[in-house]
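Protein sequence lines correspond, in order, to chains A and B. Quick note: the first sequence uses our numbering, first residue 46, plus one each step. Quick note: the second sequence uses our numbering, first residue 5, plus one each step. Report on one structure; see the data block that follows.
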Amino acid sequence: AQTVTQSQPEMSVQEAETVTLSCTYDTSESDYYLFWYKQPPSRQMILVIRQEAYKQQNATENRFSVNFQKAAKSFSLKISDSQLGDAAMYFCAYNFGNEKLTFGTGTRLTIIP
Amino acid sequence: GAVVSQHPSWVICKSGTSVKIECRSLDFQATTMFWYRQFPKQSLMLMATSNEGSKATYEQGVEKDKFLINHASLTLSTLTVTSAHPEDSSFYICSARTSGLAIHEQYFGPGTRLTVT
């Protein structure tokens, strides 16, 4: 079974600085999708970024980028120029085919003004 | 686009009663809907997957007779918590997925907070 591991329960970063959230996963598949979701205090799940495993290029979305290391099964999220609105729980997730999403346990990110 | 709504956003019910939560896809046809449960400071736990017109597939350990899921149309799925008890108090989130190119994408509703007294 696929598993997703987020080893950092909590992280904090100074406003305007850069922070990296870690995620590793386990799968025997070669073509799959990886996601980072943000859950702010409102608890609405928001898709931050998506990576398709067959694409070698790392996905970027404005201040958010990933470091996708397929061989190492690692999928970290880098947030540049951190803003107060980035404070949230961040979940890494894996999806293969039309199956369900497998979520990590989450990382709570605090932004220090 | 790709908006999912949930109703109600917050509900209190008495122990022993049933409560229904609706999940609607507002601007797309949801061939598959998912129901999650989330305890405070924890990750999302998938309860069941439902495909339009079919019976829901429940995850191991989820009581199908207690958590009734209906996906009667391509835009509506409902979760009914039957004979609710205080331990059923939780945050329930639905998500929806369409077929085609965006099949890997799930769109989440805003969640429903259930409190059973």
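The beta-carbon is built from N, C-alpha and C at its ideal position, and this holds for glycine as well. Since we're looking at a predicted model, the values are computed, not measured.
> Do the stretch 130 to 140 of chain A and the stretch 73 to 82 of chain A meet, that is, are 3 or more Cβ pairs less than 8 Å apart?
Replying inline: Three or more pairs of CB atoms, one per stretch, sit closer than 8 Å, so the stretch 130 to 140 of chain A contacts the stretch 73 to 82 of chain A.
> Any idea what DSSP makes of glutamate 67/B, helix, strand or coil?
Replying inline: Here DSSP, grouped into helix, strand and coil, assigns glutamate 67/B to coil.
>> By alpha-carbon positions, which one of Thr21/B, Arg117/B, Glu109/B ends up nearest to methionine 37/B?
In response: Among Thr21/B, Arg117/B, Glu109/B, the Cα nearest to that of methionine 37/B belongs to Glu109/B.
> Thinking just about the alpha-carbon of each residue, which of Glu63/B, Glu91/B, Ala52/B, Gly65/B is nearest to the one in threonine 82/B?
Replying inline: Nearest C-alpha to threonine 82/B: Ala52/B.
> Helix, strand or coil: which one does DSSP assign to leucine 79/A?
Replying inline: DSSP places leucine 79/A in strand when its eight states are reduced to three.
> Any beta-carbon of chain B closer than 8 Å to the one on glycine 130/A?
Replying inline: Nearest CB-CB separation between glycine 130/A and chain B: not below the 8 Å threshold.
> Mind checking alanine 104/A: buried by the 16 CB within 10 Å criterion, or exposed?
Replying inline: Buried is the call here.
> Taking only beta-carbon atoms, is serine 48/B less than 8 Å away from chain A?
Replying inline: The residue you asked about is not serine; residue 48/B is leucine in the sequence shown. At least one beta carbon of chain A lies nearer than 8 Å to the beta carbon of leucine 48/B.
>> Let me see if you follow: with CB-CB separation under 8 Å, is methionine 90/A close to chain B or not?
In response: It does: the Cβ of methionine 90/A has a partner Cβ on chain B nearer than 8 Å.
> When DSSP labels each residue in this structure, what does leucine 129/A get in the three-state scheme?
Replying inline: Residue state for leucine 129/A is assigned as helix, using DSSP reduced to three classes.
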